[in-house]
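*Asks:*
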Amino acid sequence: MRYWLFKSEPSTWGWDDQLAKGDTGEEWDGVRNYQARNFMREMAVGDRGFFYHSQKERALVGIVEVIAEAHPDSTTEDDRWECVDIKAVKSLPRAVTLDEIKQDPRLADMVLVKNSRLSVQPVTPMEWQILCELAGAES
DNA sequence: GCCAACGTTGGC
DNA sequence: GCCAACGTTGGC
Numbered sequence: 001m002r003y004w005l006f007k008s009e010p011s012t013w014g015w016d017d018q019l020a021k022g023d024t025g026e027e028w029d030g031v032r033n034y035q036a037r038n039f040m041r042e043m044a045v046g047d048r049g050f051f052y053h054s055q056k057e058r059a060l061v062g063i064v065e066v067i068a069e070a071h072p073d074s075t076t077e078d079d080r081w082e083c084v085d086i087k088a089v090k091s092l093p094r095a096v097t098l099d100e101i102k103q104d105p106r107l108a109d110m111v112l113v114k115n116s117r118l119s120v121q122p123v124t125p126m127e128w129q130i131l132c133e134l135a136g137a138e139s
């Protein structure tokens, strides 16, 4: 299983919206960036990811699971763009802020730190474990 | 609200 | 195929 990070502006699509979808989940649509799309193509059903709130909040807030592999993005006719479906698994007991992540030298290589603009990113197993500990969640 | 970083577009 | 111009993102 691989680990990922999905970034969203809470005002557009937030963790509450994702939770409300329950096990039905939702398309992670609207991605118009090749790197992000390519990561989604690598995803498999059952992969896990963090849900990150960008902009004002800047924190990991939840854990999601991939429930459908990459397929055409229904929000565009342009067949270059694909997306996966994800569902909320659970809220993190403690949100982990970007500040905390930046202060932890073990997390200095995270894509979130190095390339803050990429909206879909891989997370290494070690980073996943550290972040789960910081969040008070089981990894 | 500003600005730096980055990705994409389009003219040549 | 290069590169300048432009648009967007997201941290601060």
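Numbering (full-length UniProt numbering), first residue to last: 1 to 139.
Even for Gly, the Cβ is constructed at its ideal location relative to N, Cα and C.
For clarity, every value in this text was computed on a predicted model and none was experimentally measured.
Take C132 as the anchor and find which of W28, V96 and E77 has the nearest alpha-carbon.
*Replies:* The residue with the shortest Cα to Cα distance from C132 is V96.
*Asks:* Quick one: using the 10 Å Cβ neighbour count with 16 as the cut-off for buried, is S74 buried or exposed?
*Replies:* The residue in question, S74, is exposed, as its Cβ has fewer than 16 Cβ neighbours within 10 Å.
*Asks:* Within the chosen definition, does the stretch 91-108 reach the stretch 20-27 through at least 3 CB pairs nearer than 8 Å?
*Replies:* With a cut-off of 8 Å, the stretch 20-27 and the stretch 91-108 do not count as touching, because too few Cβ pairs lie within range.
*Asks:* Could you give the first and the last residue of the continuous alpha helix (DSSP H) run that contains A36?
*Replies:* Here the alpha helix (DSSP H) through A36 covers Y34 to E42.
*Asks:* Which one or two residues does DSSP pair with I63 in a beta bridge?
*Replies:* In DSSP, I63 forms a bridge with F50 and K90.
*Asks:* Is E82 helix, strand or coil by DSSP?
*Replies:* If DSSP states are grouped into helix, strand and coil, E82 belongs with the strands.
*Asks:* I'd like the span of the beta strand (DSSP E) that includes W4, first residue to last.
*Replies:* Unbroken beta strand (DSSP E) run through W4: Y3 to S8.
*Asks:* Below 8 Å between beta carbons: does that hold for A70 and V89?
*Replies:* Not closer than 8 Å, so no.
*Asks:* Could you tell me which residues DSSP pairs with T24 in its beta bridges?
*Replies:* According to DSSP, which records beta bridges pairwise, T24 is partnered with nothing at all.
*Asks:* What span of residues does the alpha helix (DSSP H) with P122 cover, start to end?
*Replies:* Careful: P122 lies outside any alpha helix (DSSP H), inside the beta strand (DSSP E) at V120 to V123.
*Asks:* So, under 8 Å CB-CB, G49 and F6 are touching, yes? Tell me the CB distance rounded to an integer number of Å.
*Replies:* Confirmed, Cβ separation roughly 5 Å.
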